[in-house]
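Asks: Heads up: the sequence shown at position 127 corresponds to 621 in the working numbering, and the numbers run straight through without jumps.
All C-beta atoms in this analysis are idealised placements derived from N, C-alpha and C, irrespective of residue type, glycine included.
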Amino acid sequence: MRVMGVDPGLTRCGLGAVEGRPGAPLSLVAVGVVRTGADEELGARLVGIEVGIERWLDEVRPDAVAVERVFSQHNVRTVMGTAQAAGIAVLCAARRGLPVALHTPSEVKAAITGSGTADKKQIGVMVTRLLRLGEMPKPADAADALALAICHVWRGGAQHRLAEAVAKQARARAPRKDVQL
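1. Measuring alpha carbon to alpha carbon, tell me which residue in E601, A558, A634 is nearest F565.
2. For V564, which three-state DSSP category applies?
3. Just tell me which of R589, V561, V660, A588 has its CA closest to the CA of T576.
4. Classify T572: buried if its beta carbon has 16 or more other beta carbons within 10 angstroms, exposed otherwise.
5. Determine the closest residue to Q578 out of G526, G542, G628, with distance taken between C-alpha atoms.
6. Between which two residues does the beta strand (DSSP E) containing G499 stretch?
7. By the DSSP assignment, the alpha helix (DSSP H) with S609 in it spans what residues?
8. Kindly indicate which three-state DSSP category E629 falls into: helix, strand or coil?
9. R589: buried (16+ other C-beta within 10 angstroms of its C-beta) or exposed?
10. Buried or exposed: which applies to V523, given that a residue is buried once 16 or more other Cβ atoms fall within 10 Å of its Cβ?
11. Determine, using beta carbons only, whether R626 and P519 come nearer to each other than 9 Å.
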């Protein structure tokens, strides 16, 4: 199963894709970020995120998309931007008929490190180990996106088989676009 993880943000939206199945080694497909300028108008930033995610979906062709579930923070402005970016990711995936899963930060941390309170560095170290990478993905948003994808692959069971069947059907209907990341 190929899963694209999205760590939503207005300035940096982390994207990462992995391939594998529960109980088997995972492999890195792609990792990076979509960036927008803090001085840009909100609408332009959201369009930039959409364009970036659409490019990734064209290139990576995932079976499912895992997005970080927005949680309450003290800074309402930050949580609003994160929620808007998450909404764009969900919309892009839904437009293609791809299954979308929302995972909380603590759920991802627990799946990757064994502790729901792990810090960014611990996540990066474990993602590096799990994917057998030579160095830690940077920035942290990219490593977090990979952690989301890994978490989703590891959920396993009937949910994965159903997602694979739905994604295969969606890919068969979708026109192929040649886009470089």
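Replies: Reading off the structure:
1. E601
2. coil
3. V561
4. exposed
5. G542
6. 496 to 501
7. No alpha helix (DSSP H) contains S609, which DSSP labels as neither H nor E.
8. coil
9. exposed
10. buried
11. yes
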